[in-house]
Amino acid sequence: MSVAMDDNDGIRLTEEQKRRRRARSVAIAVVLGVLVVLFYVVTIVKLGPGVLNRPM
Amino acid sequence: MTDVSSIDGRYDADVRAGVAEPTTGDFVALLKPRVMSLVVFTALVGMAAAPGHMHPVLAATALLCIAIGAGASGALNMWYDADIDAVMTRTAKRPIPAGRMPADTAFAFGIALSVGSVLTLGLLVDPVAAGLLAFTIGFYVVVYTMWLKRRTPQNIVIGGAAGALPPVIGWAAVTGSVTIEPLVLFLIIFLWTPPHFWALALIKSDDYARAGVPMLPVVAGAAATRRQIVLYSLVLAPVAVLPALMGFAGPLYGAAAVGLGLPFVGLAFAIWAAGDAATLRRACGRLFGFSLLYLFLLFAALLAERMLSVAPFPALFAATGGLGAA
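Top to bottom, those sequences are chains A and B. So the first sequence is numbered by this note's numbering: it starts at 1 and just counts up by one. So the second sequence is numbered by this note's numbering: it starts at 1001 and just counts up by one.
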């Protein structure tokens, strides 16, 4: 991996480094999405049928 | 924190400049997926062996948390051990010593996953199981990695407790308590760990010596290690039959425990009796490979009995009570 350095711009990432950073961002987004779904589904499972049987 | 920047220039310029961009694959490697697979499997068997029913979604959630917790332990282990990983051929290509990831990143990743997995298990499944998971991670990282590994040849004996806990966590996830049955499963893995790792250590003793890790072959020599492998195998084989005698496993498991235990002891004696270095190396390779198969098949037999609803043997001696039992 090489990094282009410039006195004015500081560290400039290569295309490969940018691609890896994007891939990590996508992975984090997917994990957060899975967590949201997991907590939702487990909440429904724990509430059971009672979730539909409440005073309106 | 381990100063990996001093490792023979392995830590490349990108890492020192703070711009190393590890791939998602590097993060997966930090989780030690092969170790994780055995952890998940033994935890699953602990859950299946436990009395009572668990909703499949909750069971899957528990397994996910246990897997992530195990992975977090692996990441923190790689963070702390980056300096010795760099000098061992087996581990030199891991993300930190290979210079693909800053050590701080691995540390943050491991801590985040540890906290996340324990909290999620506690909130969604069971607090006792979450407490055990937290204990397991802490034991593996602090007691084994930071304290024992570089100080005593008993490192993997005591540290093996961390690897032996997953079936107990699985059991607790279902029942909310810890009784004698999961502790027997714990004991089986605990006794299995030394002969498994010492067979590998006999082959890789040069690596461990170079890294300054006091594994038994390095400190006590090959002869003492060979004796210890035989002794642990002789204890492991009968202990593995206990689940059948205690009435929480049936004939399939009993047959597997006896049928797999005998060759395990035989391979241990082959190491003990090996004459020259080449024969010893072959014998160690055989036991190491067979030990993986042994643990997998033993636990698979217990799982198969539960799935096929095979009735357990009548207990020769019963287990009652337990920690945290209501």
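Where a beta carbon is used, it is the ideal one built from N, C-alpha and C, also for glycine.
- Message: To be precise: take each residue of the segment 16 to 30 of chain A, compare its Cβ to all Cβ atoms of chain B, and keep it if any distance is under 9 Å. Which residues remain?
- Response: Glu16, Gln17, Lys18, Arg19, Arg20, Arg21, Ala23, Arg24, Val26, Ala27
- Task: Run down chain A in chain order and give the residues with a C-beta less than 9 Å from the C-beta of Leu1058(B).
- Result: Val42, Val45, Lys46
- Are the C-beta atoms of Ala1021(B) and some chain A residue less than 8 Å apart? According to the sequence displayed, residue 1021(B) carries Glu and not Ala. With 8 Å as the cut-off, Glu1021(B) counts as an interface residue toward chain A.
- How many whole angstroms separate the CB atoms of Thr1061(B) and Leu38(A), which I take to be in contact at a CB cut-off of 8 Å? 6 Å
- If you measure from the beta carbon of Leu38(A) to each beta carbon in chain B, is any gap under 8 Å? yes
- Residue of Leu1236(B), Ala1273(B), Val1230(B), Pro1167(B) minimising C-alpha distance to Ala1067(B): Residue Pro1167(B) is the option with its Cα nearest to Ala1067(B).
- Message: Could you tell me the alpha carbon to alpha carbon distance between Gly1321(B) and Gly1131(B), rounded to whole angstroms?
- Response: The predicted model places Gly1321(B) with a pLDDT of 46, which falls under 50 and marks its position as unreliable, so this point remains unresolved.
- Task: Residues of the segment 1049 to 1077 of chain B with a CB closer than 7 Å to any CB of chain A: list them in chain order, please.
- Result: His1055, Val1057, Leu1058, Thr1061
- Determine whether the Cβ of Leu1030(B) lies closer than 8 Å to any Cβ atom of chain A. Chain A, which has no Cβ nearer than 8 Å to the Cβ of Leu1030(B), makes this no.
- Message: Here's a check: name, in chain order, each residue in its chain whose Cβ is nearer than 7 Å to the Cβ of Thr1152(B), leaving out the five neighbours to either side.
- Response: Pro1214
- What did DSSP end up calling Ile28(A) once you bin it into helix, strand or coil? helix
- Query: Is DSSP giving Arg22(A) helix, strand or coil here?
  - Reply: helix
- Message: Whether or not the segment 1268 to 1279 of chain B and the segment 1226 to 1234 of chain B are in contact is what I'm after, with contact meaning three or more pairs of Cβ atoms, one per stretch, closer than 8 Å; do they touch?
- Response: Contact holds: three or more Cβ-Cβ distances are below 8 Å.
- Query: Using the beta-carbon of each residue, which ones in chain A are nearer than 7 Å to Thr1024(B)?
  - Reply: Ala23, Arg24, Ala27
- Query: Below 8 Å between beta carbons: does that hold for Ala1108(B) and Val1118(B)?
  - Reply: no
- Query: Would DSSP call Asp1008(B) helix, strand or coil?
  - Reply: Residue placement at Asp1008(B) is flagged as unreliable, the pLDDT there being 42, under the threshold of 50; the coordinate-derived value follows with that caveat. Three-state DSSP puts Asp1008(B) in coil, outside helix and strand.
- Same chain only: Cβ atoms within 8 Å of Leu1200(B), ignoring 5 sequence neighbours per side: Cys1284, Phe1288
- Message: Since Phe1197(B) and Ala1164(B) should fall inside the 8 Å C-beta cutoff, what is the C-beta to C-beta distance between them, to a whole number of angstroms?
- Response: Not really, about 13 Å apart at Cβ, beyond 8 Å.
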